[in-house]
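Take a look at the structure set out below.
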Amino acid sequence: MKLLEFKQHLESQDKIQFKLENGGVVPGHFHVTEVGKIHRHFIDCGGKEREETLINFQLWEAQDYDHRLHPNKLIEIINLSIDRLQLPDALIEVEYQGETIGKYGIDIQEGTFILINKTTACLAPDACVVPINKPKVRISKNGVTTCAPGSGCC
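What follows is the structure, encoded as structure tokens:
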């Protein structure tokens, strides 16, 4: 989800709820400790130069159980960030503390923001040597090797 779409959803909410894709819930007393712009400039494994800009939200839980961030307050923080940091309408990446800092995409379902697990991937599969699907090779039958030396099967 991009920043302006997120902001539009906030405008129609009376409270902010985040849920993990696995069903876990971010407690209602979370803080948004950071809204920022992350710019990555990198070279992928195929040698192609790439750039991406993401909007970063960092969620944090404190012992402040009475704290509740109202959607209007988060909209104010986003507007201030857009103005001062010149934030583009880019995809949002959410950081949230688990065993380590997790990075998530974001979606919405029935008024609840869902933190979508992010995964790594090869950006240049055409240039990689590692096969996408390993072929299944039978090297033994009933415990007896059927692969002869020099045949290339093992």
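Start counting at 1 in the sequence shown, then tack on 616, and there's your number in my numbering. The C-beta atom is built at its ideal place from N, Cα and C for all residues, glycine as well. What you are looking at is a predicted structure, and each value in this text was computed from that prediction instead of being measured.
Judged by their CB atoms, leucine 675 and phenylalanine 634 are nearer to each other than the 8 Å cut-off. For isoleucine 708 and aspartate 680, the gap between their C-alpha atoms comes out near 26 Å. Counting only runs that start and end inside the stretch 663 to 749, the beta strand (DSSP E) elements of at least 3 residues fall at 665 to 677, 708 to 713, 717 to 725, 728 to 733.
Annotation for glutamate 627: the continuous alpha helix (DSSP H) segment containing it runs 619 to 627. Distances from the CA of glycine 718 to each of Leu670, Ala737, Ile724, Leu731 were compared; the closest alpha carbon is that of Leu731. It is roughly 21 Å from the alpha-carbon of glutamine 702 to the alpha-carbon of isoleucine 722. Following the DSSP letters along the chain, one finds lysine 635 inside the beta strand (DSSP E) bounded by residues 634 to 636. Each residue's CA atom was taken as its position, placing isoleucine 632 and proline 704 some 22 Å apart. Sorting Glu665, Thr728, Cys744 by C-alpha distance to the C-alpha of histidine 657 places Glu665 at the top. Secondary-structure assignment with DSSP links valine 642 through no beta bridge to anything. Between serine 697 and alanine 743, the alpha-carbon positions lie close to 39 Å from each other.
Sequence-distant partners of proline 643 (beyond 5 residues in either direction) whose C-beta falls short of 7 Å from its own C-beta, in its chain, are Glu677. With a cutoff of 8 Å on beta-carbon distance, isoleucine 691 and leucine 619 are scored as not near each other. The beta carbon of leucine 636 is closer than 6 Å to those of Leu731 in its chain, skipping five residues each way along the sequence.
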